[in-house]
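Student:
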Amino acid sequence: MTVSSPAADPKSGVFISFEGIDGSGKSTQARRLHAALEAEGRATILTREPGGSSGAEEIRALVLEGAADRWSPETELLLFTAARHDHLERTIQPALAAGQVVICDRFADSTRMYQGLRGEDIRAQVDALHDLMIGQEPDVTVLIDIDPKAGLERALGRGAGEERFESFGLGLQERLRAGFLELARAHPRFEVVDGTGSEADVAARVRKALKARGI
Ligand code: ADP
Ligand code: TYD
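648 is the number of the first residue of the sequence shown in our numbering; add one for each residue after it.
(1) Going residue by residue through the region 678 to 753, where are the continuous beta strand (DSSP E) segments of at least 3 residues, counting only ones entirely within it?
(2) Within the continuous alpha helix (DSSP H) that includes E784, where are the two ends?
(3) Suppose contacts are defined by Cβ-Cβ distances below 8 Å. Is L776 in contact with L823 by that definition?
(4) Could you name the residues that DSSP lists as bridge partners for D841?
(5) State the beta-bridge partners of F665 as determined by DSSP.
(6) Please return the same chain residues whose Cβ sits closer than 7 Å to the Cβ of A859, not counting the five positions on each side in sequence.
(7) For D792, which of G660, F665 and R731 has the nearest alpha-carbon?
(8) Determine the extent of the alpha helix (DSSP H) in which I769 is found, giving its start and end residues.
(9) Under 8 Å between the Cβ atoms of C751 and P720?
(10) Can you grab the Cα-Cα spacing for the pair H734 / L725, in whole Å?
(11) For the region 821 to 837 against the region 745 to 762, are there 3 or more C-beta pairs whose distance is under 8 Å?
(12) Please confirm if the region 739 to 751 is in contact with the region 687 to 703, defined as three or more CB-CB distances below 8 Å between the two stretches.
(13) Indicate, with yes or no, if the ligand TYD has a heavy atom lying under 7 Å from the CB of Q783.
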């Protein structure tokens with residue numbers, strides 16, 4: 648079943664995703680925005696992909712741990728999409744229906760890039776599966792843009808045991824960055840934010856960009 652669109656519900660909240668290459672500072676900025684909106688008195692939830700519901704967190708462990716060739720690209724796509732479906736049904740849609748702001752650390756654009764960049768055939772499968780099973784986009788996507796060398800250094804410094812993707816290297820991160828910027832040019836829901844400078848500098852840029860959109 649395609650998950651229903653909350654956009655049809657006048658009470659529906661605001662759905663914001665954060666995207667970017669590994670180590671760009673997305674999670675840090677998603678957390679900071681959550682704290683800022685809560686401080687402003689907005690009911691806000693912070694969630695992430697893959698994960699964000701108990702079933703999807705189990706799929707996260709399957710897909711992020713182990714050898715880089717543990718899954719074929721197609722199986723991986725199905726696992727990410729299964730996790731997203733559960734996350735939407737159990738976490739995101741109920742929060743939007745209650746009028747909350749949902750801040751999501753990665754969403755479908757990550758699948759378009761990380762799985763879709765593996766080849767033309769799989770990119771078409773990513774889009775078809777999204778239309779068939781998910782059918783929903785964020786209202787705003789904040790793309791934290793940073794030089795891949797800086798991002799990879801930040802990400803490898805973290806040592807969280809989920810480095811199956813990061814171990815793919817700098818060349819991949821460069822293709823991902825270019826791909827994200829191309830998506831941003833094609834879709835007005837994107838806000839591209841410069842990820843350099845201090846955490847506070849980047850947070851101020853994010854807040855300003857969202858305020859300009861009435862959020
Ligand atoms: P992502 O979620 O994009 O992978 P994180 O938010 O986890 O990135 O940040 C990666 C690492 O870089 C973390 O150790 C974090 O503390 C650090 N970091 C995040 N933002 C900045 C910043 N603006 N300047 C320096 N280090 C940062
Ligand atoms: P995340 O925990 O956000 O990693 P990071 O903080 O390093 O950016 O995401 C884990 C990895 O999962 C990341 O390398 C991107 C990858 N990923 C996909 O390949 N496809 C997807 O659909 C999603 C949501 C994430």
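Even for Gly, the Cβ is constructed at its ideal location relative to N, Cα and C. Computed from a prediction, not measured in an experiment: that's the story for all the values here.
Tutor: Answer, in terms of the structure:
(1) DSSP runs (the beta strand (DSSP E)) wholly in the region 678 to 753: 691 to 695 and 748 to 752.
(2) Counted as a single uninterrupted DSSP element, the stretch harbouring E784 is not any alpha helix (DSSP H), since DSSP gives it neither H nor E.
(3) No Cβ-Cβ contact shorter than 8 Å links L776 with L823.
(4) Residue pairing by DSSP places D841 opposite D792 in a beta bridge.
(5) Beta-bridge pairing by DSSP links F665 to D752 and V789.
(6) Within the same chain, A859 has no close Cβ partners at all.
(7) That would be F665, whose Cα lies nearest to the Cα of D792.
(8) Annotation for I769: the continuous alpha helix (DSSP H) segment containing it runs E767 to L776.
(9) Using a Cβ distance threshold of 8 Å, C751 and P720 do not count as a contacting pair.
(10) Going by the C-alpha atoms only, they are around 14 Å apart.
(11) Here the region 821 to 837 makes contact with the region 745 to 762; the two share three or more CB pairs at distances below 8 Å.
(12) The region 739 to 751 vs the region 687 to 703: in contact.
(13) The ligand TYD never approaches Q783 closely enough for any of its heavy atoms to be under 7 Å from the residue's Cβ.
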